Each structure stands twice: as C-alpha cells, then as structure tokens.
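Numbering-wise (this note's numbering), the sequence shown opens with residue 5 and increments by one.
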Amino acid sequence: MEYIVEKIGMSRTISVPSVPVTLLKVLEAKVCEVGENNTALVAYSDGKKMNKAIAGQQKKYNLSAEYNRFATLEVNAKEAGDLDVAPLQEAKTLKVSLNSKGRGFAGVIKRHGMAGGPASHGSRFHRHGGSIGNCEWPGRVMKGRKMPGHMGNAKTTVQNEVVSFDAENGVLVLKGSTPGFNGAMGRIRIVK
5 MEYIVEKIGM SRTISVPSVP VTLLKVLEAK VCEVGENNTA LVAYSDGKKM NKAIAGQQKK
65 YNLSAEYNRF ATLEVNAKEA GDLDVAPLQE AKTLKVSLNS KGRGFAGVIK RHGMAGGPAS
125 HGSRFHRHGG SIGNCEWPGR VMKGRKMPGH MGNAKTTVQN EVVSFDAENG VLVLKGSTPG
185 FNGAMGRIRI VK
C-alpha cells in the first residue's frame with residue numbers, strides 16, 4: 005500500500021527520554037481506475053494548477069476541481085472510490101520517499117565530507133579538493149572521482165517506525181527524521 009504525503013515538520017514526544025519525530029499529513033485521495041498488479045491511478049489535491057489535460061481527466065472520472073494531480077500507486081482497492089487509510093492504523097514500519105533539500109552547487113567539503121587543507125595564512129589550500137588526476141599514465145581523471153557539483157534535490161528513501169496515526173486529521177507521526185523541506189510532497193509505502 006502506498007499513500008501521497010506532505011511533510012509538516014519535526015517535533016518530539018513528551019515521554020522521558022523524548023524521541024524526535026516527523027509529522028506527515030496523509031493527503032485525501034481518490035482511486036480513479038484500478039490496473040493489474042494492484043496498481044491504480046489516484047487523484048489528489050495539490051495547489052491550484054489547472055489545464056485542459058487535467059480538466060479532461062476530472063471530467064472522465066467525475067472528480068471535483070480540487071483533485072488536480074494524478075499519480076500511480078500500489079493499492080489494495082478493487083474498484084474506484086476513496087483511498088482507504090485503515091491499513092496505516094496497524095502499520096509498524098514505513099518507507100518514506102521524498103526529494104532531499106536542494107543545496108545547489110556544493111564544494112567537496114560539504115558534498116563529500118573531505119577534510120580540506122590548513123586554514124593558516126599562506127597555505128593556498130583551504131577548501132579545495134586537491135589533486136584530481138595523474139600525469140603521464142593514465143593521463144586523465146578517473147571515473148567516479150569525488151568533485152564539486154550539484155548536491156541534494158534527489159529522491160531519497162528512508163525507513164521509519166510509526167509512533168502513531170491520527171486517522172481523523174490524517175496526521176502520521178514517525179520516529180526520526182525524513183528527507184525534504186517542510187511542505188515537501190512525497191509518498192510512503194507500508195513495509196510491515
């Protein structure tokens with residue numbers, strides 16, 4: 005079973021010792037059509053985006069204007085209707101997939117955790133990556149070399165324990181942290 009979620013933020017439990025938790029909002033979704041292998045086309049609400057393609061899908065599946073995004077999820081449903089969130093009550097472990105926070109172009113110290121050189125005056129080797137290749141042989145930079153570049157904004161999946169689930173408000177409380185900024189959209193999958 006998969007669900008579309010929005011990250012609310014982080015908090016902690018009031019128990020002693022307290023446990024850091026992440027709050028996720030399980031979005032209300034409608035199953036539009038069920039395919040084979042338990043996959044289904046699901047509609048959910050996200051912002052105000054609207055175009056003729058979305059309008060056509062809404063008309064085809066008799067959806068209201070708020071359901072303006074579509075995704076393919078693994079579900080237990082056999083027919084169209086509301087997506088059942090009851091399995092989340094018994095879930096103990098979830099896989100959470102969101103995009104990690106984008107950090108733009110990052111250097112080797114931030115991106116790969118390299119040490120860098122001395123900070124003292126005159127070293128001329130502070131936060132650089134150092135030597136990257138060889139001279140005569142093989143005379144090129146080897147593939148896979150850790151270098152500066154784009155960091156973050158990539159799909160990241162983590163596994164978290166479920167602390168609690170408030171079915172009335174659709175708020176899921178998971179132990180530990182999850183990737184992404186507050187308000188990030190992603191999906192969760194029940195592991196056990």
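Just so you know, even glycine gets a beta-carbon here, dropped at the ideal spot from N, CA and C. Just so you know, these numbers come straight off a predicted model, no measurement behind them.
Can you check which of these residues, Tyr71, Arg131 and Val166, is closest to methionine 151 by C-alpha distance? Arg131
Select from His154, Phe169, Leu98 and Asn138 the residue whose C-alpha is nearest the C-alpha of valine 162. Leu98
Identify which residue in Ser101, Lys114 and Gly85 has its Cα closest to the Cα of threonine 182. Ser101
Mind pulling the alpha helix (DSSP H) runs of 4 or more residues that sit fully within the stretch 81-140? 91-94 and 112-116
Measure the alpha-carbon distance for methionine 5 versus serine 168 and round it to whole angstroms. 17 Å
Under the rule that 16 or more other beta-carbon atoms within 10 Å means buried, what is isoleucine 8, buried or exposed? buried
Tell me the residue span of the beta strand (DSSP E) that contains lysine 159. 159-170
Taking the C-alpha atoms as reference points, what is the distance between valine 112 and alanine 95? 40 Å
Using the Cα positions of glycine 156 and glycine 137, report the straight-line distance between them to the nearest angstrom. 26 Å
Mind checking whether threonine 43 and threonine 17 have CB atoms under 8 Å apart? no
Three or more C-beta pairs below 8 Å linking the stretch 117-125 and the stretch 74-89: no
Pairwise C-alpha distance: alanine 47 and alanine 57: 13 Å
For alanine 171, count neighbouring Cβ atoms within 10 angstroms of its own Cβ and tell me buried if that reaches 16, exposed if not. exposed
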